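Note that the sequence shown covers residues 2 to 329 in our numbering.
The structure appears right after this line, and notes come after that.
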Amino acid sequence: MEAAAPAPARGLGRQEYAVLALTFASYASFHASRKPPSIVKAVLSADWVPFSGPRGPHRLGELDVAFLSFYALAMFAAGHLADRADLRCLLGTAMLASGAACAALGAAYFLDIHALAFFAAAQVSSGVVQSAGWPCVVAVVGNWFGHASKRGTIMGVWNSHTSVGNIAGSVLAAAALEFGWGWSFLLPAVVIAALGVVVLVFLVAHPSEAGLDVEVMEVEMNGDGGEEVGLLGEDKKEVQGNEDNEFELEMGSQLPRAIGFVEAWKLPGVAPYAFCLFFSKLVAYTFLYWLPFYIRNNGMCSFVCTLFLYSYINNGCVCSCYLIIVRR
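And the structure:
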């Protein structure tokens with residue numbers, strides 16, 4: 002019994018790292034595919050109708066509003082969908098669709114499309130499909146690490162995927178810009194679509210899908226020894242065997258359900274965290290979307306944005322470590 006305890010620990014470690022890496026790369030690719038519009042703004046405003054001329058910056062801003070508005074509105078539906086749908090299929094499909102929307106914007110360069118409605122439709126579509134990314138990756142990580150004692154550290158490091166994705170997207174888009182602004186969209190589109198295929202094939206959205214004992218996994222993540230794992234794995238089976246039928250009869254009509262929008266706002270801490278995130282995102286997106294345009298030198302703007310994002314990553318990691326120390 003004791004000799005068999007180490008085997009699950011090794012398997013759990015591989016699965017956990019794989020889930021963290023895959024969800025990290027997935028959401029980083031979402032952010033990478035959002036960066037090209039900010040990198041190519043200066044080029045579009047210079048000589049690409051309908052963005053050239055005095056009203057060009059206004060129309061570019063309207064595209065940003067179209068993306069962010071539909072992203073925000075669709076997020077409500079995406080959250081409910083993530084609670085009910087297969088997370089692997091939903092996330093993979095959203096990534097493929099995001100790649101298609103990003104590629105559509107790049108295709109405007111090669112097909113010589115100048116219709117504002119086309120760009121707006123592509124941005125609206127991108128906002129809708131990208132809204133599924135965050136609820137899905139958070140749900141997957143919550144399934145695996147929701148009861149981990151070090152989830153603050155895990156989330157602090159893992160959440161740097163947004164900045165890593167923005168850096169990667171800026172570098173890719175700026176590097177491809179000299180070949181034509183369409184390539185600045187196509188490269189991130191290929192990356193997110195390729196990762197979407199990987200997600201559809203390899204992502205394990207819940208420990209039970211890998212045949213892992215959730216209770217054993219929780220004990221492992223909370224740092225308990227193999228002896229206690231053995232107790233949970235064997236001794237609890239006797240108690241559970243006698244109680245399972247009775248429990249199912251009592252709780253069959255009280256299965257947990259996904260809560261609604263109003264109920265979510267009533268949860269402790271949701272409103273304060275939401276408003277804090279609102280103002281932090283307000284500052285961040287102002288820099289990320291418009292700093293490259295106003296600096297105009299694309300090589301320099303990518304460097305400045307990279308410095309901003311690098312500090313964003315460091316501060317996130319430092320804050321998570323600080324919270325761990327304070328709690329102790």
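For each residue, glycine too, the CB sits at the ideal point set by N, CA and C.
Just so it is clear, the structure is predicted and the values come from calculations on it, not from any experiment.
Item	Value
So which of Leu64, Gly183, Ala67 and Ala29 has the shortest CA-CA distance to Trp135?	Ala29
Going straight from the alpha carbon of Ala272 to that of Ala75, what length do you get?	19 Å
Closer than 6 Å by C-beta to Leu188: which residues in its own chain qualify, once you throw out the five before and the five after it? Chain order, please.	Leu173 and Ala177
CB Val138 to CB Thr287, shorter than 8 Å?	no
Would you call Val263 buried or exposed, if buried means 16 or more other Cβ atoms sit within 10 Å of its Cβ?	exposed
By the 10 Å Cβ neighbour count, where 16 or more other Cβ atoms means buried, how is Leu45 classified, buried or exposed?	buried
Looking at Ala194 and Leu61, is the spacing between their C-beta atoms short of 8 Å?	no
Between the Cα of Lys36 and those of Ser171, Leu278, Gly143 and Ala26, spot the shortest distance and give me the residue it belongs to.	Ser171
Hey, could you find the ends of the alpha helix (DSSP H) Val130 is sitting in?	Leu117 to Gln131
For Phe180 and Phe68, I'd like the C-alpha separation in whole angstroms.	26 Å
Distance check for Ala47 and Arg56, CA to CA, integer angstroms please.	12 Å
Work out the CA separation of Gly100 and Val191 for me, nearest whole Å.	6 Å
Helix, strand or coil, according to DSSP, for Asn144 in the structure here?	helix
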